[in-house]
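Presented below is the structure to which this report refers.
Printed below as a string of structure tokens:
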């Protein structure tokens, strides 16, 4: 788990995608996350990591393309994705403050 946290903190996790559950299609109501995690030794390589999480925040399953990432994955890349999800939730990055209106199209006043 600590190696996964180190991978996340060193910005090895890129392009996290989320698919929200559709009540009509998914009776289990689970979220699907997918991301790329760069390999630690060969930085040109990256692994696709997938994770399914229930709506009550339980990890249902995960998988990774690395050698240790057979289903269910318990590799450092899967933990790096989970730390990314935790960081996103903890820092409330989903909340976009819109208190101040944009003003880029207003001309400047000269004094």
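In the numbering used here, the protein residues as written are 53 to 163.
No residue lacks a Cβ here, since even glycine has one placed at the ideal position from N, Cα and C.
These numbers come from a predicted model, not from an experiment.
Does DSSP classify residue i as helix, strand or coil?
i           : result
residue 69  : strand
residue 128 : helix
residue 83  : strand
residue 99  : strand
residue 115 : strand
residue 142 : helix
residue 55  : helix
By Cβ distance below 6 angstroms, which residues in the same chain neighbour residue i in space, the five residues on each side in sequence not counted?
i           : result
residue 102 : 86 and 115
residue 126 : none
Could you tell me if residue i is buried or exposed, where buried requires 16 or more neighbouring beta carbons within 10 angstroms of its beta carbon?
i           : result
residue 155 : exposed
residue 95  : exposed
residue 60  : buried
residue 118 : buried
residue 136 : buried
Which residues in the same chain have their Cβ closer than 8 angstroms to the Cβ of residue i, if we skip the five residues on either side of it in sequence?
i           : result
residue 66  : 87, 88, 89, 90 and 98
residue 146 : 140
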